[in-house]
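For the sequence shown, our numbering begins at 1 and goes up steadily by one. The C-beta atom is built at its ideal place from N, Cα and C for all residues, glycine as well. If you're wondering where the values come from, they're calculated on a predicted model, not measured in any experiment.
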Amino acid sequence: MIIGIDLGTTFSAVAVLGADGEPSVLSNGLGESTTPSVVYFDSPGSVLVGTAARDAAAVDPDNGVALVKRRMGEEFELLFHGTAHTPESISALILRSLVEDAKRQTGADAGEEVRAVITVPAYFGVREREATFQAARLAGIEVLELLAEPVAAALHYGVAARPGSTVLVYDLGGGTFDTTVLRIQRDGAQVVATDGDSRLGGADWDERVADFLTQSFAAAEPDSDPYDEELFLHEVRLIAEVAKKDLSERASRPVSLRLGGRRVTVPFDRSTLTGIGSDLVDRTLAIVDRVLSSAEGKGIRQVHEVVLVGGSTRMPVIAAAVEARLGRTPRLLDPDHAVVRGAAIRAGELAGAGRASRSTRSVVPRSFGVLIDDSHAPSGDRRVVVHTVHRNAPLPAAATTEFCTIVAGQDSVRVQVFEQAGELPSEDPAANRRVLDGELTGLPPLPAGSPIELTLRVSEDGLLRVTAREPRSGTVLELEAYMDGVVDGESTRRLATALGTLTVRQ
Ligand code: ADP
Ligand code: MG
């Protein structure tokens with residue numbers, strides 16, 4: 001079975017490519033085309049995934065997890081019914097649920113092997129990508145490719161077929177905003193620049209609408225104290241999202257609220273919603289400006305196509321604001337399924353042509369560099385991260401740099417590879433995070449200042465590999481390295497065992 005998976009921050013989805021070459025989104029056990037990315041551990045032997053998990057977690061938050069995508073690649077453990085879980089294992093449970101949906105919908109055998117294209121944000125670094133691989137492995141999925149979400153969206157919109165053109169992807173989801181400039185080349189789409197805000201999305205609108213509704217209730221019923229009523233506030237939050245979505249279809253949608261014996265109908269229309277969220281829209285536009293100027297620095301003078309992705313772009317104010325800013329009518333078609341449909345298209349291409357022919361290329365999401373630490377040197381020397389593989393370089397990328405030993409006869413060198421952590425690359429170690437740590441051992445006796453060649457390679461899947469060479473002897477040194485924050489072999493086995501005993505329900 002070959003599928004495309006959108007493993008989203010708030011919603012996930014699965015799709016297959018039909019015999020007609022058109023992707024179709026497969027629904028879950030509840031008939032929904034997208035599944036909330038929420039897991040609820042209801043007993044030691046079973047978990048809920050999706051809408052049921054979201055409802056259960058609302059009343060019993062201690063046994064539920066949402067937004068785990070934000071934790072991918074972090075060292076982070078959660079205990080449920082005495083079993084330790086990680087972002088990888090929790091994501092694996094969401095993936096398992098999606099795979100079960102796909103098997104049920106396509107009539108595949110439960111035991112059939114699954115190969116998938118899984119989408120990841122364009123800014124995902126090595127650790128997040130490795131964590132996504134681990135999650136897939138734990139779910140028994142063979143990953144055909146980790147595809148950048150904006151590239152998947154371009155495949156869905158069919159804008160990846162005009163070589164020489166450029167595309168701006170505007171993706172406003174539930175909890176994140178991402179925008180990317182793609183350059184379409186003969187061999188596929190390439191990410192030129194990407195930017196975003198991981199704390200900006202539809203949930204911000206929901207919160208504002210909930211505040212507005214609660215305030216309106218309190219104003220209409222001055223003797224009531226709705227802010228003290230947990231259950232009331234919870235219900236207002238749910239109805240806020242429903243009302244917001246309804247306003248994508250119609251101009252006005254009064255909301256009835258009830259607390260105790262009191263009932264208030266709050267008038268709510270598009271212009272109110274637009275006012276409530278106008279600064280949020282402005283924040284997305286400021287990021288669009290930033291990604292455009294970054295793309296301009298790379299020779300992109302003009303954007304030919306603008307495509308909207310993510311459930312929140314169904315709000316009419318978004319297309320209007322983007323058009324006003326960019327002077328171009330954006331494309332808007334099935335935006336909550338754009339990414340998963342693109343993933344299915346890509347999966348079909350890979351399955352048909354084999355992995356050798358690639359129609360999409362991506363770039364290094366963040367700059368990488370090394371900090372070499374002489375294990376014999378006195379501590380306290382200045383440490384800087386020297387970036388050798390630069391942000392936005394096309395993948396696969398590689399760079400070889402020479403570093404020198406510090407003391408005579410030094411037989412080992414500690415090699416630490418860092419990835420840019422902040423918005424902009426900086427040589428300050430504090431503005432970077434470590435992704436690999438290893439020791440080159442068994443150096444022949446060398447004078448101080450002897451060169452060591454270090455090669456960093458980032459593969460098309462975004463995986464980082466390091467090789468080191470001592471040029472005089474020509475020996476290629478084996479670098480034993482591990483990836484920080486990503487589960488290692490032993491804990492993978494432990495997690496796999498823990499997951500093996502869990503039944504996934506919806
Ligand atoms: P993710 O961030 O997980 O990729 P999605 O792209 O599926 O999520 O977007 C989910 C968000 O889209 C939620 O905040 C949801 O409220 C919002 N949304 C879904 N449908 C609509 C709609 N018709 N109008 C406005 N917002 C919507
Ligand atoms: Mg998304």
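Placement of the Cβ of residue 310 at a distance of less than 7 Å from at least one heavy atom of the ligand ADP is found. In the structure shown, residue 124 adopts coil according to DSSP, grouped into three states. Per DSSP, residue 156 lies in no beta strand (DSSP E) segment; the continuous alpha helix (DSSP H) that holds it begins and ends at 149-157. Beta-bridge annotation (DSSP): residue 204 is not paired with any residue. When distances are taken from the beta-carbon of residue 68 to the heavy atoms of the ligand MG, even the shortest one reaches 7 Å or more.
Note that the segment 137-157 does not touch the segment 24-42; fewer than 3 beta-carbon pairs, one per stretch, sit closer than 8 Å. Residue 244 counts as buried, since no fewer than 16 other beta carbons sit within 10 angstroms of its beta carbon. Buried is the label assigned to residue 183, since at least 16 other Cβ atoms lie within 10 Å of its Cβ. Rounded to the nearest whole angstrom, the C-alpha separation of residue 180 and residue 150 is 7 Å. With contacts defined as CB atoms closer than 8 Å, residue 1 and residue 103 qualify as a contacting pair.
Contact check for residue 331 against residue 308 passes: the beta carbons are separated by less than 8 Å.
With 16 or more other Cβ atoms inside 10 Å of its own Cβ, residue 156 counts as buried. For residue 176, the CB falls within less than 7 Å of some heavy atom of the ligand ADP. For residue 421, no alpha helix (DSSP H) run applies, since DSSP gives it neither H nor E. In this structure, 274 is the residue among 407, 274 and 51 with its C-alpha nearest to the C-alpha of residue 252.
The C-beta distance from residue 130 to residue 463 rounds to 7 Å, short enough to fall under 8 Å. Residue 228 and residue 260 have their C-alpha atoms roughly 12 Å apart. Residue pairing from DSSP places residue 475 in a beta bridge opposite 470. In summary, residue 62 is exposed, with fewer than 16 beta-carbon neighbours lying within 10 Å of its beta-carbon over all protein chains present.
238 is the residue among 78, 238 and 422 whose C-alpha sits nearest the C-alpha of residue 59. Among the bridge pairs identified by DSSP, residue 503 is matched with 46. Here residue 214 has 226 and 236 as same chain residues with Cβ atoms under 6 Å from its own Cβ, once five neighbours each way along the sequence are excluded. Cβ atoms of residue 371 and residue 383 come within 8 Å of each other, at about 5 Å. The closest heavy atom of the ligand ADP lies 7 Å or more from the beta carbon of residue 278. At the C-beta level, residue 388 and residue 302 stay beyond 8 Å of one another. Sequence-distant partners of residue 313 (beyond 5 residues in either direction) whose C-beta falls short of 6 Å from its own C-beta, in its chain, are 172 and 335.
The segment 116-126 and the segment 5-15 touch, with no fewer than 3 CB-CB distances between them shorter than 8 Å. The DSSP-derived three-state label of residue 304 is coil. Residue state for residue 405 is assigned as coil, using DSSP reduced to three classes.
For residue 228, no beta strand (DSSP E) encloses it, and the DSSP letter there is neither H nor E. By the Cβ-count criterion, residue 269 is exposed, with fewer than 16 other Cβ atoms from all chains shown falling within 10 Å of its own Cβ.
If only uninterrupted alpha helix (DSSP H) runs of at least 4 residues are considered, those enclosed by the segment 260-303 are 270-296. Within the same chain, 412 come within 6 Å of residue 441 by CB-CB distance, once the 5 residues on both sides are set aside. With a cutoff of 7 Å, residue 196 does not count as near the ligand MG, since its C-beta is closer than that to no heavy atom of the ligand. Within 10 angstroms of the beta-carbon of residue 503 lie fewer than 16 other beta-carbons, which makes it exposed. Within 7 Å of the C-beta of residue 342 there is not a single heavy atom belonging to the ligand ADP.
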